Amino acid sequence: MRGELILIVEDEAPMRRFLCSALASHGFRVADAGTLAMAERVATESRPAAVLLDLGMPDGDGLDLLRRIREWSTAPVIVLSARDREDDKVVALDAGADDYLTKPFGTSELLARIRVALRHGRSSGAVDDDPILAIGPMRIDQARHEVTVDGELVHLTPIEFRLLALLARHAGKVLTHRQLLHDVWGPRDTHQTHYLRVHMAALRRKIEADPARPRWLTTEAGVGYRLKDE
Amino acid sequence: MTVSARFRGYAIAALGVALATTAGELANGRVTLADQAMLYLPAILVAALGGRGPSLAAAALSVAAFDFFFVPPKLTFAVSDARSLITFVVMFGVGSAIGSLVARLRTAEAASRERERRTAALLAFTRDAAAASEVGDVVAAVEKHVRELRDDHAFVDAVAHQAAVAVGRLELASAARESALRAKAEELRSALLSSVSHDLRTPLAAITGMATSLRDRADDRPADEREALDTIVEEAQRLSRILTNLLSITKVESGAEPRREWVPLEEIVGSALARLEHELADHPVSVAVPDGALAHVDPILVEQLLLNLLENAAKHTPSGTPIDVRVAREPGRAVLEIADRGPGVPVGARVFDKFVRGRTGAPGAGLGLAVCRGIATAHHGGIDVAARDGGGATFAVWFPDDEPMPEVEAS
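Protein chains in written order, with our numbering: chain A, -14 to 215; chain B, 456 to 866.
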């Protein structure tokens, strides 16, 4: 069986070569584009399973392509961006990107993100019939609102439970502050980031063995949070 | 008024009186005594143009000449008719009144001429001062214009005032020019740095990626080859951190306000430790954070600060020595301490200055601690380093709250 098709949108040839060879050597099929115009054509013609998108393209803003792809496709899009461009990442994530990779990154990070994105891409739209999510030492029972860590029942407040369950449903994927605030507190409180931070700190103290060095609930500085799934 | 001018005034007075007397003599017998007295009035009037002195002199001389030549008994100062005394008094009174009026008029005229001259001089000075493009020009204008009217205190005062205004204007203009220049230079530096760092980052990303690709396939290669690939990856990442520091220092030095939020410091400590997992592998790190210790800071900048302090500690202390991170809430501020058991920092070392290299000769651009200070200062806080009891150094950073800490309900 041939691997899933990944579209690489990157204007720098060496970077494009690295991405192509790394993905090809791990069994993916790759298509690459050095301009947004070409990327859009390839995306509509060959329907990739996932897109790696560099935001700074010479012929325009990668965000525009992301928005156009989102009009007809739910295929996961991972944006590639530099460390000091947190705002760009947040904008891209809120505009429908699924995750991001901060340059420079290595093959292991790249493959981990692609796998998570493809998994979520496949399950999106499908009815999640298993109410119990198991991640690392955690078992999150969404029907009974119960969480155990290493078999021990952990008492969470309703907000903490909603936060954890939301992150667990998107395990491995980054969720922005805005997305978390919107889904847990509602559309009016999306700017009250400190609510989120304080409750997240409390949640860490209940879940993590060492809350100052979280193993599962990690912070993506300036962007949001991620519940690791491996 | 000069001596000769005053003398001329008196001469005119005497001449006028002599002419009036001569005219009176010529008309003698055909006119009355009162008409002869009248002839003196033009003489007094003309003399009055010479000032108060000549006008009084003319009045007195007129009275005397009238008495001597016309009032009987003639050619004596004796007076036979008491009515003539009234004529004397009126003549003298009219003479002195006219004199003082004219004199007052002349003083007023002189003063107005003086004022006009001063105004013109001041105007000329103001024009020169306005055209001045540096303080030296203003000084030259003061010298030029004050020389003519040196004794006029009001004028000198006015010039001094105008000069101060001109100097103030020049200072303002030069400050504006300087700040525009500085802003321009700063803008250029920022643009240059961000373009350079973008240009450097792109190849770095490719190098890192390729090296990790090779490393993945090198499991069956000799150990030194695998190590070489690891080193390429690590050094590329270090370069990337240096670039981030360069950008951070540009950001904080440009005076842009940090985007402050209430953040649990534990979260920032956690994400910094995770990013330095590899660098800190040889050092046991302890973390002490009180429950719910919030700081009002820009989380990205403070993570950068913490990364620099931790990397600095890891780089300059012997492997195996502990690094202790401590967070404390004090009234009105949050304090962050990173303590190590390394060689310490020499007293008076300017470690927070830009491009001052580290204590142990380990590599680095000397930018890390300067960035830390820049970030602390941007938060109106500070950073300090002290010798630690029992050896080592303690870096302390503090962030003052600039608004009351919010309550978060625990529902």
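Backbone N, C-alpha and C fix where the C-beta goes; we use that ideal spot for every residue, glycine too. This structure is a prediction, so every number in the text was calculated from the model and none was measured.
Figure out for me which residue from the options has the closest Cα to the Cα of residue i.
| i | options | result |
| --- | --- | --- |
| Leu78 (chain A) | A:Thr92, A:Arg190, A:Pro61 and A:Asp69 | A:Pro61 |
| Thr776 (chain B) | B:Ser703, B:Leu735 and B:Ala460 | B:Leu735 |
| Ser588 (chain B) | B:Ile553, B:Glu626, B:Arg570 and B:Glu571 | B:Glu626 |
| Arg189 (chain A) | A:Leu152, A:Arg163 and A:Trp170 | A:Leu152 |
| Tyr180 (chain A) | B:Ala783, B:Arg670, B:Glu569 and B:Gly747 | B:Gly747 |
| Lys88 (chain A) | A:Pro172, A:Pro33, A:His11 and A:Arg1 | A:Arg1 |
| Val724 (chain B) | B:Asp685, B:Asp737, B:Leu765 and B:Ile830 | B:Leu765 |
| Ala596 (chain B) | B:Cys827, B:Asp607 and B:Arg582 | B:Arg582 |
| Ala7 (chain A) | A:Ala97, A:Arg163, A:Thr161 and A:Arg52 | A:Ala97 |
| Gly12 (chain A) | A:Arg32, A:Arg100, A:Asp84 and A:Ser66 | A:Arg100 |
| Ala206 (chain A) | B:Pro658, B:Val790, B:His771 and B:Leu760 | B:Leu760 |
| Ala82 (chain A) | A:Glu215, A:Ala35 and A:Arg154 | A:Ala35 |
| Ala119 (chain A) | A:Gly91, A:Leu21, A:Asp17 and A:His155 | A:His155 |
| Leu166 (chain A) | A:Gly209, A:Gln127 and A:Leu202 | A:Gly209 |
| Leu4 (chain A) | B:Leu578, B:Ser668 and B:Ala512 | B:Ser668 |
| Pro801 (chain B) | B:Gly847, B:Tyr465 and B:Val790 | B:Gly847 |
| Ala870 (chain B) | B:Leu496, B:Arg507, B:Ala475 and B:Asp490 | Past the boundaries of the shown model lies residue 870 (chain B); chain B is included only from 456 to 866, so the question cannot be answered. |
| Arg843 (chain B) | B:Asp753, B:Ile778 and B:Ala478 | B:Ile778 |
| Asp126 (chain A) | A:Glu193, A:Phe146, A:Trp170 and A:Ala194 | A:Phe146 |
| Val790 (chain B) | B:Val752, B:Thr686 and B:Ala729 | B:Val752 |
| Val740 (chain B) | B:Glu642, B:Leu488, B:Arg796 and B:Gly464 | B:Arg796 |
Let me confirm a value: residue i is counted as buried when at least 16 other C-beta atoms fall within 10 Å, else exposed. Which label applies?
| i | result |
| --- | --- |
| Trp57 (chain A) | exposed |
| Ile467 (chain B) | buried |
| Lys599 (chain B) | exposed |
| Arg211 (chain A) | buried |
| Asp44 (chain A) | exposed |
| Thr574 (chain B) | exposed |
| Lys639 (chain B) | exposed |
| Phe462 (chain B) | exposed |
| Ala820 (chain B) | Summary for Ala820 (chain B): the model assigns pLDDT 48, below 50, so the residue's position carries little reliability; its value from the coordinates is reported in the next sentence. So Ala820 (chain B) counts as exposed. |
| Pro509 (chain B) | buried |
| Asn483 (chain B) | exposed |
| Leu824 (chain B) | buried |
| Val(-6) (chain A) | buried |
| Glu858 (chain B) | exposed |
| Gly(-12) (chain A) | exposed |
| Ala618 (chain B) | buried |
| Phe532 (chain B) | exposed |
| Ala519 (chain B) | exposed |
| Thr92 (chain A) | buried |
| Arg70 (chain A) | buried |
| Ala197 (chain A) | buried |
| Ile63 (chain A) | buried |
| Lys74 (chain A) | buried |
| Met(-14) (chain A) | In this predicted model, Met(-14) (chain A) has a pLDDT of only 44, less than 50, meaning its place in the structure is not dependable enough to derive any value. |
| Arg805 (chain B) | exposed |
Less than 8 angstroms between the CB atoms is what I'm expecting for residue i and residue j, so what's the real figure, rounded?
| i | j | result |
| --- | --- | --- |
| Ala492 (chain B) | Ser551 (chain B) | Not confirmed; about 16 angstroms, so no contact. |
| Pro713 (chain B) | Leu756 (chain B) | 6 angstroms |
| Ile(-9) (chain A) | Val27 (chain A) | The pair is not a contact, with the Cβ atoms about 11 angstroms apart (cut-off 8 angstroms). |
| Ala241 (chain A) | Leu40 (chain A) | Any question about residue 241 (chain A) goes unanswered here, given that chain A covers just -14 to 215. |
| Phe854 (chain B) | Arg781 (chain B) | Not really, about 14 angstroms apart at Cβ, beyond 8 angstroms. |
| Val688 (chain B) | Arg715 (chain B) | Their Cβ separation, rounded to whole angstroms, is 35 angstroms, which puts Val688 (chain B) and Arg715 (chain B) out of contact at 8 angstroms. |
| Thr705 (chain B) | Ser645 (chain B) | 5 angstroms |
| Glu872 (chain B) | Ala851 (chain B) | Any question about residue 872 (chain B) goes unanswered here, given that chain B covers just 456 to 866. |
| His184 (chain A) | Ile144 (chain A) | 5 angstroms |
| Ala913 (chain B) | Thr663 (chain B) | Absent from the structure is residue 913 (chain B), since the part of chain B shown begins at 456 and ends at 866. |
| Val718 (chain B) | Ala750 (chain B) | 6 angstroms |
| Ala498 (chain B) | Val472 (chain B) | 5 angstroms |
| Leu51 (chain A) | Leu38 (chain A) | 6 angstroms |
| Ala584 (chain B) | Ala615 (chain B) | Actually they are not in contact, since the Cβ atoms of Ala584 (chain B) and Ala615 (chain B) sit about 11 angstroms apart, beyond 8 angstroms. |
| Ser535 (chain B) | Pro528 (chain B) | 6 angstroms |
Practice problem: May I ask you to list, following chain order, the residues of the stretch 733 to 744 of chain B that have a beta carbon less than 7 angstroms from some beta carbon of chain A? | Solution: If the cut-off is 7 angstroms between Cβ atoms, the stretch 733 to 744 of chain B has Val742 and Val744 near chain A.
Self-check item: the stretch 553 to 565 of chain B / the stretch 496 to 505 of chain B touching (three or more Cβ pairs under 8 angstroms)
Solution: yes
Quiz item: Just by C-beta distance, which residues in the stretch 661 to 675 of chain B are closer than 9 angstroms to chain A?
Solution: Ala661, Ile662, Thr663, Gly664, Met665, Ala666, Thr667, Ser668, Arg670, Asp671 and Arg672
Self-check item: Near-chain B residues of the stretch 76 to 102 of chain A (beta-carbon distance less than 9 angstroms), N- to C-terminal order
Solution: Lys88, Pro89, Phe90, Gly91, Thr92, Ser93, Glu94 and Leu95
Quiz item: Along the stretch -6 to 17 of chain A, what residues have a CB closer than 8 angstroms to any CB found in chain B?
Solution: So the close ones are Glu(-3), Pro(-1), Met0, Arg2, Phe3, Leu4, Ser6, Ala7 and Ser10.
Practice problem: Decide yes or no for the touch test of the stretch 610 to 624 of chain B against the stretch 643 to 655 of chain B: beta carbon pairs closer than 8 angstroms, at least 3 of them. | Solution: no
Quiz item: What residues in the stretch 191 to 211 of chain A have a beta carbon less than 7 angstroms from any beta carbon of chain B?
Solution: Pro196, Ala197, Arg198, Pro199, Thr203, Thr204, Ala206 and Gly207
Self-check item: Residues from the stretch 58 to 77 of chain A in contact with chain B, defined by Cβ distance under 9 angstroms
Solution: Against chain B - using a Cβ distance shorter than 9 angstroms - the residues of the stretch 58 to 77 of chain A are Leu65, Ala67, Arg68, Asp69 and Glu71.
Quiz prompt | Within 8 angstroms of chain B by C-beta, residues of the stretch 163 to 194 of chain A in sequence order | solution = Thr178, His179, Tyr180, Arg182, Val183, His184, Met185, Ala186, Ala187, Arg189 and Arg190
Quiz item: Which residues, taken in chain order from the stretch 675 to 706 of chain B, show a beta carbon closer than 7 angstroms to some beta carbon of chain A?
Solution: Val688, Ala691, Gln692, Ser695, Thr699 and Leu702
Quiz item: Closer than 8 angstroms, Cβ to any Cβ of chain A: which residues of the stretch 747 to 766 of chain B, in chain order?
Solution: Gly747, Leu749, Pro754, Ile755 and Glu758
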